[in-house]
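Undergrad: Quick note: the sequence shown uses the numbering used here, first residue 9, plus one each step. Beta carbons: idealized from backbone N, C-alpha and C, even for Gly. Model, not experiment: these values are computed from the prediction. Dumping the structure here so I can ask a few things about it.
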Amino acid sequence: MIEYDFVNTPIVDIVNRIIIFASQHKASDIHFDPREDCMMIRMRMDGRLKDHSKVPKMYEKNLTTRVKLISKMNITETRIPQDGAIKGVVDGKELDMRVSALPTNEGEKIVVRLLDYSQSLEGIETLGFSPKNLKKIERLLDIPNGIILVTGATGSGKSTTTYSMLSAINTEDRNIITVEDPVEMNIEGINQVYVNAEIGLTFASALRSILRQDPDVILIGEIRDSETAQIAVRAAITGHLVLSTIHTNNALSTIERLLDMDVERYLLSTALNGIISQKLARTLCPDCKRLRPTTSYEKQIFEKMLGQDVKEVYEPVGCDKCNRGFRGRIALHEVLFLTDRLRELINDEETEKEELRKAVYDEDTTTLLQDALQKVVEGYTTFKEVYRVVDIDFDLEKSIRKEVREQEKLKNKNEKLEIIDLYDTTNSNMKISNKELSKIKEKAKEEAEKKYIKKKKFVDNDIIDIFEGTTPPTNNKDEAKQSKEKKETKKETKKEDKK
Ligand SMILES: [Zn+2]
9 MIEYDFVNTP IVDIVNRIII FASQHKASDI HFDPREDCMM IRMRMDGRLK DHSKVPKMYE
69 KNLTTRVKLI SKMNITETRI PQDGAIKGVV DGKELDMRVS ALPTNEGEKI VVRLLDYSQS
129 LEGIETLGFS PKNLKKIERL LDIPNGIILV TGATGSGKST TTYSMLSAIN TEDRNIITVE
189 DPVEMNIEGI NQVYVNAEIG LTFASALRSI LRQDPDVILI GEIRDSETAQ IAVRAAITGH
249 LVLSTIHTNN ALSTIERLLD MDVERYLLST ALNGIISQKL ARTLCPDCKR LRPTTSYEKQ
309 IFEKMLGQDV KEVYEPVGCD KCNRGFRGRI ALHEVLFLTD RLRELINDEE TEKEELRKAV
369 YDEDTTTLLQ DALQKVVEGY TTFKEVYRVV DIDFDLEKSI RKEVREQEKL KNKNEKLEII
429 DLYDTTNSNM KISNKELSKI KEKAKEEAEK KYIKKKKFVD NDIIDIFEGT TPPTNNKDEA
489 KQSKEKKETK KETKKEDKK
């Protein structure tokens, strides 16, 4: 954590330094959290909150007032929530910040969101799409009309992807208009409309006017309601390219969601061209990551999902250049290119969900999980991260866990057979002296004992099912009894001592 010198530094400088720190470290949010004994400043980096500095309670008021002042909020008002914005140049970089103040029982909590869309302008090819997915997106952008949807949760980077696509087709021969709430990034050469529900300018009403403005491409910030969804589809089938985002998890649920929004099947099946689903995972720090062998469970997943035999994967370590082994984030994608077969299925009311699923995930579509696992194989992220952000099919997981357990059982059985082989002299073709044989027997016995003790420990830890059928190779039971008896007599002598 950083300690600011509140006694000798003007509050103006401290606030600037906090913002500069956040910008330089690519934080997405700064939290000013009032607590009982202090104010905690935290920053969200790579999707996770991290303590930044502790501010003594007596400076809290000065600090929040300064932040509210530069955000153009009413500084005398502390009892109701307020919104504001800060625009400024930090380190030669233009920064846009959205600020929110919320009264809590410990005081006003302020959150500053730093908007950084510099990545959108670096091009789609810098966003981590696999070569196959990138090709699909280029094909999608070549079609002059229809809808392309980007889906994902809040903070999944879908705005960055949408703006990148928009920048890619932003040429002088196209009239591009956007409707956004709010306008997240100003793009040269594009007309951007800011939705304002208070004066009745909704997505739907703005869209109706935009259609009369002779657009080629329309960006709708987000499809939230049925009316917007229907206008978007109509715009697409009347010769416009429509880009938009929707809050769903994957391609399949997006189609279902749109049908739930009362978009007519035949319109949707004609208008929809593609769906890009996206999630973000933390990227391994290239300076300190290290290889480790894959577990049997991971091996199975790689085998089943990618058809690859993966022997090693990277794990995080942590160094002074990163945050516990991670630095930055990488997007995981699923890109669906609508085929004629899919259009038919969407159009048909009789289509079962399972049938639609099969058609969506045919061999041409890489699922989010497959894309994520490939990024683990390539060393960008970890298996654990993938588990954290991507839903793994429950049935698949259950079947893999069962297989792994059965393999373990088989392995143990084979080990036991090996030991028995060593004992079985009548069956042995080896010509060895009795002395050597007894030595081998002795060694095998030792090994077996060691293994038994190791396994017993596991059994004690409740992992009994894996080691079913394993019997002790020696009369260890008696030994255990004896040692137990010894312990008990010890206890008793202790008790007597106490008395
Ligand atoms: Zn590192």
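#1: Nearer than 8 Å: is that true of the beta carbon of ARG335 relative to any heavy atom of ligand 1?
#2: Nearer than 8 Å: is that true of the beta carbon of GLY326 relative to any heavy atom of ligand 1?
#3: In whole angstroms, what separates the C-alpha of ALA259 from that of LEU346?
#4: Under 8 Å by Cβ, that's how I've got GLU342 and THR291 pegged, so tell me the actual separation to the nearest angstrom.
#5: Give a yes or no on contact between the stretch 317-332 and the stretch 382-390, applying the rule of three or more CB pairs nearer than 8 Å.
#6: Within 10 angstroms of its Cβ, does ILE10 collect 16 or more other Cβ (buried), or is it exposed?
#7: From HIS33 to GLN286, what distance separates their C-alpha atoms?
#8: Less than 9 Å between the C-beta atoms of LEU227 and ILE185, yes or no?
#9: Using DSSP's beta-bridge definition, name the partner residues of SER61.
#10: Based on the DSSP output, what are the partners of PHE37 in its beta bridges?
#11: Looking only at its chain, what residues have a beta carbon closer than 7 Å to the beta carbon of GLU68, apart from the 5 residues adjacent to it on each side?
#12: Report the three-state DSSP secondary structure of GLY477 (helix, strand or coil).
#13: Can you name the start and end residues of the beta strand (DSSP E) that ILE88 belongs to?
#14: Are there 16 or more other CB atoms within 10 angstroms of the CB of VAL20, so buried, or fewer, so exposed?
#15: Could you say which of ALA339, THR246, LEU149 and THR303 lies nearest to TYR322 if we only look at CA atoms?
#16: Going by DSSP, what residue range makes up the alpha helix (DSSP H) through ASN141?
#17: For ARG300, I'd like the list of residues in its chain whose CB is within less than 7 Å of its CB, leaving aside the five on either flank, ordered along the chain.
#18: With MET105 as the anchor, note down where its beta strand (DSSP E) starts and where it stops.
#19: Under the three-state reduction of DSSP, which class applies to ILE228: helix, strand or coil?
#20: Check PRO351 in the structure and name its three-state DSSP category.
#21: Cα separation between GLN308 and GLU411?
#22: Would you check if the stretch 209-225 and the stretch 98-117 touch, i.e. whether three or more CB-CB distances between them fall below 8 Å?
#23: VAL89 and LEU110: beta carbons closer than 9 Å?
#24: Tell me whether LYS329 counts as near ligand 1, meaning its Cβ is closer than 8 Å to at least one heavy atom of that ligand.
#25: Hey, would you say the C-beta of ASP348 is under 8 Å away from at least one heavy atom of ligand 1?
#26: In terms of residue numbering, what span does the beta strand (DSSP E) encompassing HIS200 cover?
#27: I'd like to confirm something about LYS297: is its beta-carbon nearer than 8 Å to some heavy atom of ligand 1, or not?
#28: At 3 residues or longer, and completely inside the stretch 325-396: list those beta strand (DSSP E) runs for me, N to C.
#29: At what residues does the beta strand (DSSP E) containing LEU249 begin and finish?
#30: Tell me which residues share the same chain as ALA244 and place their Cβ nearer than 7 Å to its Cβ, disregarding the 5 neighbours each side in the sequence.
#31: Considering only their Cβ atoms, is the gap separating GLY131 from ALA205 smaller than 9 Å?
#32: With respect to 8 Å, is the separation between the Cβ of CYS46 and the closest non-hydrogen atom of ligand 1 below this value?
#33: Using only the alpha-carbon positions, how far apart do ASP473 and GLU416 sit?
#34: For MET6, tell me which candidate among ILE231, SER252, GLY247 and GLU393 has the shortest Cα-Cα distance.
TA: Working from what's here:
#1: ARG335: yes, Cβ under 8 Å from ligand 1.
#2: Residue side-chain check: GLY326 places its Cβ nearer than 8 Å to a non-hydrogen atom of ligand 1.
#3: Using only the alpha carbons, I get a separation of about 10 Å.
#4: Contact flag wrong, Cβ pair sits at about 19 Å.
#5: As far as the Cβ criterion goes, the stretch 317-332 touches the stretch 382-390, which means the pair count is three or higher.
#6: It counts as exposed.
#7: Separation of HIS33 and GLN286 (C-alpha to C-alpha, rounded to the nearest whole angstrom) is 24 Å.
#8: In this structure, ILE185 lies closer than 9 Å to LEU227 by Cβ.
#9: Secondary-structure assignment with DSSP links SER61 through a beta bridge to ILE49.
#10: Sequence inspection shows Asp at residue 37; the Phe mentioned does not correspond to that position. Paired residue(s): ARG52 and ARG121.
#11: Within the same chain, GLU68 has close Cβ partners PRO42, MET47 and GLY115.
#12: Its pLDDT being 35, under 50, GLY477 is placed unreliably by the model, and nothing is read from it.
#13: Careful: ILE88 lies outside any beta strand (DSSP E) and carries neither H nor E.
#14: Burial is judged here by how many other beta carbons sit within 10 angstroms of a residue's own beta carbon; VAL20 has fewer than 16 and is exposed.
#15: With distances taken between Cα atoms, TYR322 lies closest to THR303.
#16: Taken as a continuous stretch (DSSP letters only), the alpha helix (DSSP H) holding ASN141 covers 139-150.
#17: Same-chain partners within the cutoff: GLU320, VAL321 and GLU323.
#18: Element bounds for MET105: 101-112.
#19: ILE228: strand per DSSP, three-state reduction.
#20: Correcting the residue identity first, residue 351 is Arg in this sequence and not Pro. Residue state, collapsed to three classes: helix.
#21: Each residue's alpha carbon lies about 9 Å from the other.
#22: No, the stretch 98-117 is not in contact with the stretch 209-225.
#23: What sits at residue 89 in the sequence shown is Pro, not Val. Judged by their CB atoms, PRO89 and LEU110 are nearer to each other than the 9 Å cut-off.
#24: Checking the 8 Å criterion, the Cβ of LYS329 is within range of a heavy atom belonging to ligand 1.
#25: Incorrect: ASP348 has no Cβ contact closer than 8 Å to ligand 1.
#26: The sequence given here has Gln at residue 200, not His. Residues 199-202.
#27: Flag set: Cβ of LYS297 near ligand 1.
#28: Within the stretch 325-396, the complete beta strand (DSSP E) segments at least 3 residues long are 334-345, listed from N- to C-terminus.
#29: Note, LEU249: beta strand (DSSP E), 249-254.
#30: Around ALA244: ASN153, GLY154, ILE155, VAL250 and ALA279.
#31: If you check the CB distance, ALA205 and GLY131 do not come in under 9 Å.
#32: No, since every heavy atom of ligand 1 falls outside the 8 Å radius drawn around the Cβ of CYS46.
#33: Unreliable positioning characterises ASP473 in this predicted model, as indicated by a pLDDT of 35, which lies under 50. A coordinate reading is not provided.
#34: Nothing in the structure corresponds to residue 6, since the chain is present only between 9 and 507.
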